[in-house]
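Read the structure below first, then the notes.
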Amino acid sequence: MSLLKTTVSLMAGVLITAHGLRAQSVKPPGTLLRQTFEGGDNLWRALGQNAKVSITREAANVKEGQAALRFDYPVEAGKLNALLLPTPGGVPLQSQSLRFWVKADYATNLVVALQERGGGRYIAIFAAPENSWQQVELTPADFILSEDVTDPKDPDNKLDLDQVQSIAIADFKELFAQAANADITKLFNVKSGPHTLYLDDFVVSSAPLADASNVPAGTVMLDAFTHPQLSWITLGDVRLAKTQDKVPALQADYRQEPGRVVGFARRLPRWKLAGMAHLRFTITSAKPATLLVQMQAKDGSKYNYTLEMAGDSQTKEIDLPLADFKVAEDAKDAPDHVDLAQVQQLLILDTTGILGAVNQENSLKISNLRATAP
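Start counting at 1 in the sequence shown, then tack on 21, and there's your number in my numbering.
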């Protein structure tokens with residue numbers, strides 16, 4: 022199932038008064054909206070027939086203060102759910118960051134969606150660990166227009182904050198459950214059944230976030246891993262964590278097993294790679310590994326590059342010429358060369374288990390993921 026053929030089917034249109042965006046009395050500098058849920062649900066709604074919103078005061082499920090928002094929902098075929106905050110007055114134009122804490126009851130991917138009035142749906146996907154609070158920090162630039170065939174079109178193809186009519190948070194893996202296919206649910210490690218997530222200290226601010234600094238001319242950062250959350254989708258039983266040694270990095274822990282493929286993917290804005298010539302990053306692998314690096318375009322065509330890692334946690338600086346990526350064997354009728362302006366996704370797979378009889382734990386670390394011009 023192509024990641025690019027999934028859609029974040031988050032229904033918007035429930036209107037409320039501006040009371041839904043009321044701020045709390047104690048505000049950090051730059052705060053435009055703060056919701057701590059001490060006084061109630063702040064008019065967040067449950068979207069989905071079997072979904073429910075409530076307030077919890079259980080200390081184990083509260084990150085800040087005495088209360089948090091609780092969202093109960095099922096993951097099963099035929100049901101899509103979301104936690105929805107209507108914003109009929111739009112989001113303030115001076116907003117530069119969105120911050121909150123979230124806790125999921127299983128390791129999954131969550132998605133934040135901004136739905137414009139009469140426009141597009143912009144999404145940001147991130148990994149949420151099991152039963153642990155995850156801090157999330159997003160900027161408007163982190164939201165990517167969702168362009169599946171069922172998604173609403175955006176006349177100007179840019180996020181207009183003052184036209185955002187709702188903010189939604191949902192379990193991204195619900196989408197894969199809709200296929201009702203055991204192979205797909207296993208590939209994306211979907212856990213069907215009832216689930217709960219908690220939300221706390223939701224802040225919209227005019228204060229900017231720290232970002233990658235001193236980016237050389239001709240370089241586009243694809244992921245500097247400066248945010249506390251990881252914006253990657255997992256395939257198979259992969260545990261993602263952010264690490265900090267000399268620089269921030271993504272760490273992926275998993276088992277290499279016969280017949281098993283595991284990996285992780287990141288969505289990219291279209292045109293991000295336009296005019297670029299190289300894909301560069303720093304990587305270490307604890308064990309020998311055969312990695313498949315794949316670019317996927319909007320039309321579903323896929324282009325691969327195979328990378329051999331020696332193991333022993335040796336740091337390796339990778340420089341992959343984009344022109345050397347080859348059409349994937351399962352990409353029928355794809356052009357011989359990728360149209361870089363149409364690339365929407367980057368995927369890294371460990372295919373060692375497919376190619377050999379290995380059975381061992383492995384750990385990858387990736388940092389400074391970027392594209393560079395000729």
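We put the CB at the ideal spot given by N, CA and C, even for glycine.
- By the Cβ rule, the stretch 222-242 counts as touching the stretch 113-126, because three or more pairs are nearer than 8 Å.
- By the CB criterion at 9 Å, His216 and Pro95 fall inside the cutoff.
- A straight line joining the alpha-carbon of Pro269 with that of Glu338 spans about 15 Å.
- With contacts defined as CB atoms closer than 9 Å, Asn152 and Lys124 qualify as a contacting pair.
- Under the three-state reduction of DSSP output, Phe121 falls in the strand class.
- Closest option to Lys84, judged by alpha-carbon separation, among Gln155, Leu106, Phe92, Gly110: Gln155.
- Taken through DSSP and simplified to helix, strand or coil, Pro290 comes out as coil.
- Here the stretch 285-292 lies against the stretch 347-367, with 3 or more beta-carbon pairs under 8 Å apart.
- Taking the Cα of Leu182 as reference, the smallest distance to any Cα among Glu329, Leu114, Thr393 is reached at Leu114.
- DSSP places Glu195 in no beta strand (DSSP E) but in the uninterrupted alpha helix (DSSP H) bounded by 195-198.
- Listed in chain order, the alpha helix (DSSP H) runs fully inside the stretch 144-226 are 195-198, 203-208, counting runs of at least 4 residues.
- The closest CA to that of Val211, considering only Asn202, Pro395, Leu218, is found on Asn202.
- For Tyr94, the pairing in a beta bridge is given by DSSP as His216.
- His248 is classed as buried because its beta carbon has at least 16 other beta carbons within 10 Å across all chains shown.
- For Asn63, DSSP assigns no beta-bridge partner whatsoever.
- Approximately 6 Å separates the beta-carbon atoms of Ala198 and Ala98; this is inside 8 Å, confirming the contact.
- Leu312 is the residue among Leu312, Leu300, Lys347 whose C-alpha sits nearest the C-alpha of Glu329.
- The C-alpha of Arg301 lies about 35 Å from the C-alpha of Ala200.
- By the C-beta criterion, the stretch 376-395 is judged to be in contact with the stretch 270-277, since at least 3 inter-stretch pairs fall below 8 Å.
- In the displayed model, Asn71 falls within coil according to three-state DSSP, outside both helix and strand.
- For Leu376, the enclosing alpha helix (DSSP H) covers residues 373-376.
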